[in-house]
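Here is the structure we will look at.
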Amino acid sequence: MSSIDEDTIVIVGASAAGLAAADGLREGGHTGRIVVLDTETEPGYDRPMLSKSLLAAKGDAQPTRLRTPEHLDGKNIEVLAGHGAAGVDIDRRLVVTNWGEALPWQHLVIATGVTARPIVTAGGVALPSLRTRADLDTARAVAVEGKPVTLIGAGFIGLEVAAALRSRTVDVTVIGACALPLEPFVGSEIAEWLRDLHLARGVRMELGAATTTVTEANTGYDIVLDNGRELHAEAVLAGIGSDPVTDWLIGSGIELDGGVVTDAAGRTNVPGVWAAGDVAATYDARAGRHRRFEHWTHAIEQGRHVGLQIARSTSEPYTAVPYVWTEQYGRTVHMLGERRPGDTDIVVEGSVTTGDFVTVHGADDELHGATICGRVRALRTFKKLLRAGATLGDALGAATPA
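Note that the sequence shown ends on residue 1382 in the numbering used here; no numbers are left out.
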């Protein structure tokens, strides 16, 4: 490996955020060396499609690469496959890899993302989730076998996997701790509609009860819920959330609190160290707190932003409106901003029951977010309103009821 000069920027994580940061560095004018550490031996790929179209698709279609070799070569971005970060020395500005290398850096970008939160059986075996290519192969194998599948977790991943498996005629049961799926994110009316969408497709729902234990049995698994119910499952997939990949930073001096803590620009408490994407707990002036946002569009936009700030020696706050989407049974539900606890949910266009609607979320005349299905043209309108700090009254006035 060639030596790393003083203009080198090391990006830990060939994630959507990490590769966007590399692009932002070049866009901003950085001409020094860019080294991206990738824990996987396969090139960085588009993870959201694992639980969406790829699982639903027949055959062995693989995730799309986030960057082609031609793109990386053209921008002189070096990706070290199979190289993860094992630790960091902030005083000597070194990243230690799992290969035992010590890589010097002028700036360090942490873009390690998240890892699936495991569910471990009573026998100590981690249940399969859906986070990597290998996880996709496992889920496909289950679908091909045709065994009934129990999904533990009624969040974004759980519901998307349920819809994908039902498209392959697999019997599905979903277990969720919330009384309604995704209710904290979209409100009760939309959550009821999503639940009914799954019920109408034959999905069995066990909601309002968390899983306490999973025990291997001769013909699958025995599951005990915290309401006392006991279920048997032939095959189980877990989707109960994720945790930021920060273990390698413990004791480094970089502040951690539910993620890598950064200011609004993406800077950590250590000069020269930045974070972006799912791993970053970034200060959000709109919410008045630090928050992590685990979604693809956010990772790309924030990663690029951090790259630009480093290249231009600036520290402008990241102010993009959070955006996420979920695909289920041919419906795409878009979520802008953030629905907060205690928010009022107002349908301002269409009807939730028909799956064609715009619902806004807010409190005390503050507009916090919007959930949209079937009315894609409304995305631009409500994104502008959220970016401008508009009120609920403004949102009502901008709506097109027809």
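By construction, the Cβ of each residue, glycine as well, lies at the ideal position given by its N, Cα and C atoms. On a predicted model such as this, the values are computed, not experimentally measured, just so you know.
Return the bridge partner residues of residue 1116 from the DSSP annotation. According to DSSP, which records beta bridges pairwise, residue 1116 is partnered with nothing at all.
Can you say whether residue 1049 is buried or exposed, counting buried as having 16 or more other CB atoms within 10 angstroms of its CB? exposed
CB contact flag (residue 1066, residue 1228, <8 Å): yes
Who are residue 1330's beta bridge partners in DSSP? 1337
Among 1058, 1130, 1109, the one whose alpha carbon lies nearest that of residue 1210: 1130
To the nearest whole angstrom, what separates the beta carbons of residue 1189 and residue 1176, a pair I think is in contact under 8 Å? Actually they do not touch by this definition, with Cβ atoms about 19 Å apart.
Are the segment 1250-1258 and the segment 1158-1177 in contact at 8 Å, needing three or more beta carbon pairs? no
Are there 16 or more other CB atoms within 10 angstroms of the CB of residue 1302, so buried, or fewer, so exposed? buried
Just to confirm, are residue 1262 and residue 1242 a CB contact at a threshold of 8 Å? yes
Output the boundary residues of the alpha helix (DSSP H) element that contains residue 1372. 1372-1378
Residue 1137, DSSP secondary structure in three states: helix
Helix, strand or coil at residue 1158 [DSSP, three-state]: coil
Which residue wins for smallest C-alpha separation from residue 1308, given the options 1218, 1139, 1315, 1134? 1139
Out of curiosity, what's the CA-to-CA distance linking residue 988 and residue 1271? 29 Å
Where in the segment 988-1017 do unbroken runs of the alpha helix (DSSP H), each at least 4 residues long, occur, reported from the N-terminal end onward? 996-1007
Find the nearest neighbour of residue 1147 within the set 1343, 1360, 1123, judged by alpha-carbon distance. 1123
Nearest to residue 963 (by Cα), restricted to the options 1021, 1125, 1174: No information on residue 963 is available, as it lies outside the stretch 981 to 1382 that the chain covers here.
Would you check if the distance between the CB atom of residue 1291 and the CB atom of residue 1005 is smaller than 8 Å? yes
Find out if the Cβ-Cβ distance for the pair residue 1283, residue 1061 is shorter than 8 Å. no
How far does the alpha helix (DSSP H) with residue 1180 in it extend, from its first residue to its last? 1168-1180
Do residue 1327 and residue 1375 have their C-beta atoms closer together than 8 Å? no
Opening and closing residue of the beta strand (DSSP E) in which residue 1203 lies: 1200-1205
Among residues of its own chain, excluding the 5 on either side of residue 1289, which ones have a beta-carbon nearer than 7 Å to its beta-carbon? 1245, 1246, 1295, 1296
Rounded to whole angstroms, what's the CA-CA distance from residue 1377 to residue 1361? Just pull it up for me. 11 Å
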